[in-house]
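Note that the sequence shown covers residues 37 to 223 in our numbering.
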Amino acid sequence: MIKKMTAGVLVIALSSSIYAANVTVGTGFVGLEVGNTTLQAARYMDIWDGDTYNPFYEGSGVEFGIKLGSQNEEWRASFILDYYDNEDEDQNYEKGLVTLDYFVLNSQSYDTNIKPYLGLNIGYLAYESTFIDEGDFVYGGQAGLVVNMDNIDLDLSYRYSLYYGSNEDTSTVDEMGSIMFGINYLF
Numbered sequence: 037m038i039k040k041m042t043a044g045v046l047v048i049a050l051s052s053s054i055y056a057a058n059v060t061v062g063t064g065f066v067g068l069e070v071g072n073t074t075l076q077a078a079r080y081m082d083i084w085d086g087d088t089y090n091p092f093y094e095g096s097g098v099e100f101g102i103k104l105g106s107q108n109e110e111w112r113a114s115f116i117l118d119y120y121d122n123e124d125e126d127q128n129y130e131k132g133l134v135t136l137d138y139f140v141l142n143s144q145s146y147d148t149n150i151k152p153y154l155g156l157n158i159g160y161l162a163y164e165s166t167f168i169d170e171g172d173f174v175y176g177g178q179a180g181l182v183v184n185m186d187n188i189d190l191d192l193s194y195r196y197s198l199y200y201g202s203n204e205d206t207s208t209v210d211e212m213g214s215i216m217f218g219i220n221y222l223f
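Okay, structure coming up:
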């Protein structure tokens with residue numbers, strides 16, 4: 037319970053910092069993203085044999101999602117819903133993230149349309165595999181590059197997240213890393 041309250045306080049602090057940075061008066065956007073994800077999580081190698089449980093199985097596959105957010109010249113805040121389903125490796129998750137990115141070099145200062153960024157993320161992940169169904173908070177960071185073309189942003193990033201897990205001794209998810217490509221429509 038204390039871990040969930042701590043994560044809730046972190047979400048409130050992140051939301052407050054978004055408001056303080058005046059991101060809410062920036063340009064809104066909606067987007068799609070797709071990428072390759074490497075997931076380290078538990079699974080049964082043979083569902084008919086309980087001794088084949090592997091708590092640190094590393095699988096990889098395609099993750100895709102939608103984004104909704106707002107940005108200005110220095111900051112970007114977004115809400116992301118991602119989905120990953122690798123039937124061959126019996127791993128599936130749905131993930132919702134709140135992210136806050138800082139444009140390290142912004143176009144106003146350097147008169148360019150290429151903006152590298154660093155950011156933080158926090159959210160919730162629901163993981164499923166045969167005989168495994170678990171969900172809890174995730175947190176991490178991302179780094180990337182945005183290329184702006186009129187009302188379109190092309191976004192290439194690396195996102196790394198750790199699973200919080202309510203019980204670290206029996207948690208079935210450890211970490212995930214994703215190389216993502218996104219396209220955002222600015223409005």
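Glycine residues also receive a C-beta, built at the ideal position from the N, C-alpha and C atoms.
Check                                                                                            : Outcome
Per DSSP, the bridge partner or partners of residue 212                                          : 75, 197
Element boundaries [beta strand (DSSP E), containing residue 111]                                : 111-122
Pairwise C-alpha distance: residue 212 and residue 124                                           : 18 Å
Helix, strand or coil at residue 191 [DSSP, three-state]                                         : strand
CA nearest to the CA of residue 75, picked from 195, 220, 222, 221                               : 195
Residue 110 versus residue 121 - alpha carbon distance                                           : 34 Å
Simplified DSSP state of residue 132, which is helix, strand or coil                             : strand
Segment contact, 8 Å Cβ cut-off, at least three pairs: the segment 92-105 with the segment 65-75 : yes
Anticipated Cβ contact below 8 Å, residue 108 with residue 135, distance rounded                 : Not confirmed; about 15 Å, so no contact.
Check whether residue 163 and residue 198 have beta carbons under 8 Å apart                      : no
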